[in-house]
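Please read the structure below before turning to the comments.
Numbering (my numbering), first residue to last: 6 to 314.
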């Protein structure tokens with residue numbers, strides 16, 4: 006029996022390149038990409054996607070929708086790394102640690118939508134706490150995150166590593182219209198009933214993310230403390246291979262968070278910080294935007310789907 010044929014559509018961008026590098030030496034699958042002269046040929050792309058076992062789409066949103074629309078072979082399974090299908094009811098959300106059943110759902114799915122980089126951190130922190138009733142679903146949340154410039158794709162890499170790198174901004178906050186495309190994904194997949202405020206930024210480092218969510222204990226369920234929030238996260242991720250929850254003692258001893266601390270890994274590290282005197286709590290996530298935030302998650306989902314085939 007032949008090994009599964011995996012087609013990467015869009016292997017020239019930051020995520021596609023990472024996925025290709027991770028898969029090209031594997032012997033348990035056959036990897037296929039289009040040659041440069043055929044990448045923009047609609048017929049060649051349609052043929053490729055209809056003759057593979059699993060397609061990984063690393064495309065802009067509309068291009069991903071167009072690619073899916075060309076699928077006529079019902080046996081083809083898809084992992085979409087764009088944001089085109091992350092809130093679509095017919096697609097399985099590809100965050101394996103989101104709940105105890107999600108990995109099994111991904112393994113059996115025909116259509117899997119890879120999570121966004123920022124939503125991975127936000128949902129990883131929020132969903133267990135919302136489901137446990139420790140944080141109200143209508144809490145007025147503010148989410149702040151800083152990503153390495155590779156999160157901007159090839160444009161960001163060119164800005165900071167190309168000919169004009171000396172003029173590149175050291176830090177820039179964006180999404181000032183408060184309408185970032187990740188907000189509906191964060192709201193839906195976390196289980197929030199109210200739209201959160203999300204303020205992202207890019208720093209002058211290649212990859213890595215630090216994401217923080219402040220909470221006021223007076224707005225939480227009665228009697229809820231940082232210790233309970235931490236305990237909930239510890240319990241939820243007790244058996245997760247790619248999610249770490251720092252102990253409260255470790256958090257107390259920390260004086261800063263490095264967004265690059267987990268670069269080169271597929272891990273997500275969660276922390277809970279507190280100030281007893283002011284009744285304030287800070288939830289934090291650190292991870293590689295090209296690892297657990299993109300390519301690492303895609304390969305994790307691919308492995309689940311191959312195992313469930």
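Quick reminder that beta carbons are idealized off the backbone N, C-alpha and C, glycines included.
Any idea if residue i is buried or exposed, counting beta-carbon neighbours within 10 angstroms, 16 or more meaning buried?
i           : result
residue 45  : exposed
residue 179 : exposed
residue 310 : buried
residue 241 : buried
residue 224 : exposed
residue 103 : buried
residue 297 : buried
residue 23  : buried
residue 271 : buried
residue 41  : exposed
residue 279 : buried
residue 256 : buried
Give me the Cβ distance between residue i and residue j, rounded to the nearest whole Å; I'm assuming they're in contact under 8 Å.
i           : j           : result
residue 286 : residue 231 : 5 Å
residue 211 : residue 152 : Not a contact, Cβ separation roughly 10 Å.
residue 86  : residue 63  : 5 Å
residue 84  : residue 307 : 6 Å
residue 8   : residue 34  : 5 Å
residue 25  : residue 16  : 5 Å
residue 275 : residue 250 : 5 Å
residue 51  : residue 66  : No, residue 51 and residue 66 are not in contact; Cβ-Cβ is about 19 Å, not under 8 Å.
residue 119 : residue 302 : 6 Å
residue 135 : residue 195 : 6 Å
residue 127 : residue 176 : At roughly 20 Å, the Cβ-Cβ gap does not stay under 8 Å, so residue 127 and residue 176 are not in contact.
Can you tell me whether DSSP reads residue i as helix, strand or coil?
i           : result
residue 138 : coil
residue 198 : coil
residue 147 : strand
residue 154 : helix
residue 249 : strand
residue 78  : coil
residue 49  : helix
residue 266 : coil
residue 206 : strand
residue 279 : strand
residue 132 : helix
residue 224 : helix
residue 179 : coil
residue 118 : strand
residue 60  : strand
Which residue marks the beginning of the alpha helix (DSSP H) containing residue i, and which one marks its end?
i           : result
residue 67  : 66 to 74
residue 306 : 301 to 312
residue 217 : Run containing residue 217: none in the alpha helix (DSSP H); it sits in the beta strand (DSSP E), 214 to 221.
residue 23  : 19 to 28
residue 112 : 107 to 113
residue 231 : 231 to 241
residue 159 : 159 to 166
Considering just the uninterrupted stretch of the beta strand (DSSP E) at residue i, what are its terminal residues?
i           : result
residue 285 : 285 to 292
residue 85  : 82 to 85
residue 100 : Neither: residue 100 is in no beta strand (DSSP E) and is coded neither H nor E.
residue 35  : 35 to 37
residue 10  : 10 to 14
Considering Cα atoms alone, identify which of the options is closest to residue i.
i           : options              : result
residue 20  : 159, 248 and 198     : 159
residue 190 : 105, 250 and 99      : 99
residue 304 : 108, 76, 74 and 41   : 108
residue 234 : 297, 37, 289 and 273 : 289
residue 144 : 198, 51 and 37       : 198
residue 116 : 222, 126 and 69      : 69
residue 265 : 148, 94, 295 and 257 : 295
residue 150 : 203, 227 and 229     : 203
Does the beta carbon of residue i fall short of 8 Å from some heavy atom of the ligand MN?
i           : result
residue 262 : The ligand MN is absent from the structure shown, which contains no ligands of any kind.
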